[in-house]
Amino acid sequence: MTAPAGALLDSSNSGVLIGIVAAAVYLTVMYVAVAFWVVRDARRRSESWFFALFAGLLGLGLPFFGVLLYLIVRPPRTLDEERALQLEEQALAEEEITETPTVRPCPKCGREIEQDFVICPYCRTQFARRCTSCGKWLRLGWHVCPYCAEEVGLPSYGRSGRAASS
Ligand SMILES: [Zn+2]
Ligand SMILES: [Zn+2]
Numbered sequence: 011m012t013a014p015a016g017a018l019l020d021s022s023n024s025g026v027l028i029g030i031v032a033a034a035v036y037l038t039v040m041y042v043a044v045a046f047w048v049v050r051d052a053r054r055r056s057e058s059w060f061f062a063l064f065a066g067l068l069g070l071g072l073p074f075f076g077v078l079l080y081l082i083v084r085p086p087r088t089l090d091e092e093r094a095l096q097l098e099e100q101a102l103a104e105e106e107i108t109e110t111p112t113v114r115p116c117p118k119c120g121r122e123i124e125q126d127f128v129i130c131p132y133c134r135t136q137f138a139r140r141c142t143s144c145g146k147w148l149r150l151g152w153h154v155c156p157y158c159a160e161e162v163g164l165p166s167y168g169r170s171g172r173a174a175s176s
């Protein structure tokens with residue numbers, strides 16, 4: 011009677027022992043994996059080895075709770091995300107630059123002036139004149155004002171250019 015009971019006790023004991031060992035192995039593996047993940051995540055988020063070391067100590071020194079602490083103090087973005095954000099900002103800035111008015115050479119002095127200038131600021135050559143009726147700027151080649159349909163006659167490009175430069 012005692013032998014089977016002892017065997018039963020032994021087998022249940024070894025069962026418990028196996029359970030404890032399995033749990034310990036499982037927790038150890040989890041603990042190492044979590045610490046490993048913390049260090050790798052720290053390396054992805056910071057170029058500083060000191061930060062990676064700090065994260066590793068946090069992960070190893072405070073099992074499982076260290077990870078929670080790490081999640082609170084870690085930089086919000088990974089280096090890759092940071093880089094992508096920088097590239098995006100750079101692209102936006104470049105777009106703004108290309109959106110500025112394009113330049114063209116002045117037909118008289120050849121210096122670069124903006125496309126929509128009505129007069130060259132260097133040699134005072136006029137490219138546009140005001141409508142005598144509504145006052146809007148018209149290109150010299152236009153014979154009629156597109157804003158108020160006023161007949162403005164022939165362009166006075168040569169006359170005004172000479173008069174201004176003399
Ligand atoms: Zn000019
Ligand atoms: Zn007009």
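Residue numbers for the sequence shown follow our numbering, beginning at 11 and rising by one.
Yeah, the Cβ is synthetic: ideal placement off N, Cα and C, and Gly gets one too.
#1: Going by DSSP in three states, Ala101 sits in which element: helix, strand or coil?
#2: Under 6 Å: does the beta carbon of Glu98 sit that close to some heavy atom of ligand 2?
#3: Quick one: is Val83 buried, meaning 16 or more other Cβ sit within 10 Å of its Cβ, or exposed?
#4: Hey, how far is the Cα of Trp152 from the Cα of Pro117?
#5: By the three-class DSSP mapping on this structure, what secondary structure does Ala45 have?
#6: If I measure Cβ to Cβ from Gly168 and keep anything under 7 Å in the same chain, skipping five residues before and after, which residues do I get?
#7: Would you be able to state if there are at least three C-beta pairs under 8 Å between the region 43 to 54 and the region 66 to 81?
#8: How is the beta strand (DSSP E) around Ile129 delimited, first residue to last?
#9: Give every residue of the same chain whose Cβ lies closer than 7 Å to the Cβ of Ala138, excluding the five residues on either side of it in the sequence, and list them in chain order.
#10: Cβ atoms of Val77 and Gly66: under 7 Å apart, would you say?
#11: Can you name, in chain order, every residue of its own chain whose Cβ lies under 6 Å from the Cβ of Leu121, other than the five neighbours on each side?
#12: Taking 6 Å as the limit, tell me which residues put their C-beta closer than that to any heavy atom of ligand 1, in chain order.
#13: Note down, one range per segment and in chain order, each alpha helix (DSSP H) of at least 4 residues found wholly within the region 19 to 94.
#14: Relative to the alpha-carbon of Glu57, which residue among Asp90, Thr38, Gly69 and Glu104 has its alpha-carbon at the smallest distance?
With the given structure in hand:
#1: The count along the sequence shown starts at 1 and reaches residue 101 at position 91. Three-state result, Ala101: helix.
#2: In the sequence shown, residue 98 corresponds to position 88, counting from 1. No, the Cβ of Glu98 stays beyond 6 Å of every heavy atom of ligand 2.
#3: The residue given as residue 83 occupies position 73 in the sequence shown. Exposed: under 16 other Cβ atoms inside 10 Å.
#4: On the sequence shown, position 142 is the one that residue 152 refers to. On the sequence shown, position 107 is the one that residue 117 refers to. Cα to Cα, Trp152 sits roughly 18 Å from Pro117.
#5: Here the question's residue 45 lines up with position 35 in the sequence shown. Helix, per DSSP.
#6: On the sequence shown, residue 168 is found 158 positions in, with the first residue counted as 1. Residue placement at Gly168 is poorly supported in this model, since its pLDDT is 47, which falls under 50; the coordinates still yield a value, given next. Within the same chain, Gly168 has no close Cβ partners at all.
#7: yes
#8: Taking the sequence shown and counting its residues from 1, one reaches residue 129 at position 119. Unbroken run through Ile129: none, as it is neither H nor E.
#9: Within the sequence shown, residue 138 is the residue found at index 128, counting from 1. Hits under 7 Å: Val128, Trp147, Leu148, Arg149 and Leu150.
#10: For the purposes of this step, residue 66 is taken as residue 56 along the sequence shown, with counting starting at 1. For the purposes of this step, residue 77 is taken as residue 67 along the sequence shown, with counting starting at 1. Their beta carbons are not under 7 Å apart, which means Gly66 does not touch Val77 by this criterion.
#11: Working through the sequence shown from its first residue, we reach residue 121 at position 111. Checking the displayed sequence, the identity of residue 121 turns out to be Arg instead of Leu. Tyr132, listed in sequence order.
#12: Cys116, Lys118, Cys119, Arg121, Cys130, Tyr132, Cys133 and Thr135
#13: For the region 19 to 94, whole alpha helix (DSSP H) runs of length 4 or above, ordered along the chain, are 59 to 71 and 75 to 83.
#14: Within the sequence shown, numbered from 1, the residue matching residue 57 stands at position 47. That would be Asp90, whose Cα lies nearest to the Cα of Glu57.
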